[in-house]
Amino acid sequence: MSTPPLALLVNAALLVVLLGFLLIVGKPVLLPILAAVIAVYVLMDASEALGRLPLVGRFSGGVRRFLVLLLFTAAVLLLAGVVINTITQILRDATTYQVNIERLVAQGAGLLGLDDRPDWQTIREATFGRLSVRDVINTALLNVSNIGTSLFLVIVYSAFLLAERGGFAAKLSAAVKDPESAARTEAMIRDINEKIGDYLAAKTLVNIGLGGISFVILWGMDIDFPLFWALMIGLLNYIPYFGSLVAVAFPVIMSVLQFGDLGRTVLLTVLLTVAQTWVANFMDPRLVGRRVNLSPFVVLVALSVWYAIWGLPGALLAVPLTSMLTIVLAAFPSTLPFAILMANHVGHIAGRTQKAAKP
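If you read the sequence shown in this note's numbering, its first letter stands for residue 638, the second for the next number, and so on.
The structure is reproduced here in structure tokens:
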């Protein structure tokens with residue numbers, strides 16, 4: 638006896654609500670694990686790239702993965718060190734930044750003729766006068782310390798996942814007795830490895846290029862902490878559409894705090910925007926291309942959902958996690974329509990389905 642459509646819809650809705658609740662409650666445990674899974678895709682692609690080098694390519698796969706893990710750990714520690722050092726220096730210069738903000742506000746009020754109005758002083762004390770740069774930075778430092786714990790877990794989980802990756806196929810064959818199911822599962826995992834690995838590797842190269850260009854611009858304009866802001870720009874560019882806008886906003890605000898000069902700030906905004914536009918129009922299409930087959934609307938919804946569940950880390954992981962979900966849905970006839978609705982190019986979904994159906 639088949640299940641009525643209404644009951645099926647209600648059960649699906651309850652399942653989605655339950656999964657959402659589990660994701661929110663289980664954030665401290667699930668987030669580092671999923672972040673490590675995503676990181677392993679980049680590490681494996683880096684290991685394969687090392688294998689194509691003349692000297693390092695002679696090493697075994699295990700040695701190459703170990704070297705890549707060491708580089709990954711060093712990069713995470715470097716990022717943490719740069720963040721902590723930058724926030725410490727900003728705290729030291731917070732008084733100067735506070736003065737620059739108040740001077741800019743006074744200049745703006747003078748241009749608008751607000752200084753002559755008796756209620757301006759009251760408005761200023763109730764808004765900008767209550768702004769404390771030091772308090773804002775202290776809050777950021779507390780959040781960074783919490784992120785540091787999660788990054789340590791990501792490194793540990795990545796190490797174990799890399800060590801056990803080679804025996805996963807044998808475990809899958811032993812766990813799934815049905816040959817057809819085993820073949821479909823292997824094809825699905827192979828598709829996930831190919832699509833997500835290629836996307837993350839290409840996106841990482843693009844973000845490194847963008848971070849390098851941004852560093853040159855920031856260093857040339859004498860903005861404080863150019864390496865930190867360049868790292869943030871490269872990291873936030875993993876978030877489609879909105880990440881690049883937020884990434885530009887941070888160094889622009891830093892320029893206002895540092896110099897209190899609107900002309901310099903406008904020039905910096907133009908240069909960083911040109912760099913972002915060039916990367917989006919030239920580097921992204923050539924390197925990233927159509928590796929992740931998701932419609933723009935689905936990407937926006939995924940960003941909203943994952944950000945609501947896990948905040949900024951959820952937004953960073955939204956695209957690869959949603960792409961994984963699409964590949965899983967496309968592997969089964971009952972859920973294939975959902976995968977088609979989420980895809981940007983239906984032909985790609987059909988091609989993957991035909992490959993997965995072959996024994």
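A virtual CB, placed ideally from N, CA and C, is assigned to each residue, including glycine.
The structure presented is a predicted model; accordingly, all values stated were derived computationally and were not measured.
- Across the structure, residue 671 and residue 950 are spaced so that their CA atoms are roughly 10 Å apart.
- If the five residues before and after residue 895 are omitted, its C-beta is found closer than 6 Å to the C-beta atoms of 861, all from its own chain and listed in chain order.
- In the pairwise beta carbon analysis, the stretch 689–704 is classified as not touching the stretch 717–725: fewer than three pairs are separated by under 8 Å.
- Residue 822 sits in a helix when the DSSP states are folded into three classes.
- Counting only the Cα atoms, residue 649 lies some 10 Å from residue 656.
- In the three-state DSSP reduction, residue 967 falls in the helix class (H, G or I).
- Its chain contains 862 and 865 as the residues whose beta carbon lies nearer than 6 Å to that of residue 723, once the 5 sequence neighbours on both sides are disregarded; these appear in chain order.
- The same chain holds no residue with a CB closer than 6 Å to that of residue 903 once the five nearest residues on each side in sequence are set aside.
- For residue 932, the three-state secondary structure derived from DSSP is coil.
- If you look at residue 892, you'll find it in the alpha helix (DSSP H) that goes 879–896.
- When DSSP states are grouped into helix, strand and coil, residue 859 belongs to the coil group.
- Between residue 693 and residue 706, the C-beta spacing is not below 9 Å.
- Contact between the stretch 951–970 and the stretch 819–837 is present: 3 or more CB-CB pairs across the two stretches fall below 8 Å.
- In the structure shown, residue 921 falls within a helical segment according to DSSP collapsed to helix, strand and coil.
- A contact between stretches requires three or more CB pairs, one per stretch, nearer than 8 Å, and the stretch 821–829 fails this requirement with the stretch 872–889.
- Three or more pairs of CB atoms, one per stretch, sit closer than 8 Å, so the stretch 963–979 contacts the stretch 931–951.
- Under the three-state reduction of DSSP output, residue 828 falls in the helix class.
- Distance between residue 851 and residue 890, taken at the CA atoms: about 15 Å.
- Comparing C-alpha distances from residue 918 to each of 974, 653 and 881 shows the shortest one belongs to 881.
- Inclusion of residue 665 and residue 791 in the CB contact set at 9 Å is not warranted, their separation being larger than that value.
- In the three-state DSSP reduction, residue 730 falls in the coil class, being neither helix nor strand.
- Distance from the CA atom of residue 733 to the CA atom of residue 901, rounded to whole angstroms, is 18 Å.
- Using a Cβ distance threshold of 9 Å, residue 847 and residue 905 do not count as a contacting pair.
- A Cβ-Cβ contact shorter than 9 Å links residue 713 with residue 788.
- Taking all protein chains in view, the Cβ of residue 946 is crowded by 16 or more other Cβ atoms within 10 Å, so the residue is classified as buried.
- Under the 10 Å beta carbon count, residue 677 is surrounded by 16 or more other beta carbons and is classified as buried.
- In the three-state scheme derived from DSSP, where H, G and I count as helix and E and B as strand, residue 972 is classed as coil.
- Straight-line measurement puts the Cα of residue 916 at about 14 Å from the Cα of residue 873.
- With fewer than 16 other CB atoms across the displayed protein chains lying within 10 angstroms of its CB, residue 726 is exposed.
- Annotation for residue 867: 848, 849, 851, 852 and 855 place their beta carbon closer than 8 Å to its own, counting only its chain and skipping 5 residues before and after.
- Distance from the CA of residue 932 to the CA of residue 728, rounded to the nearest whole angstrom, comes to 43 Å.
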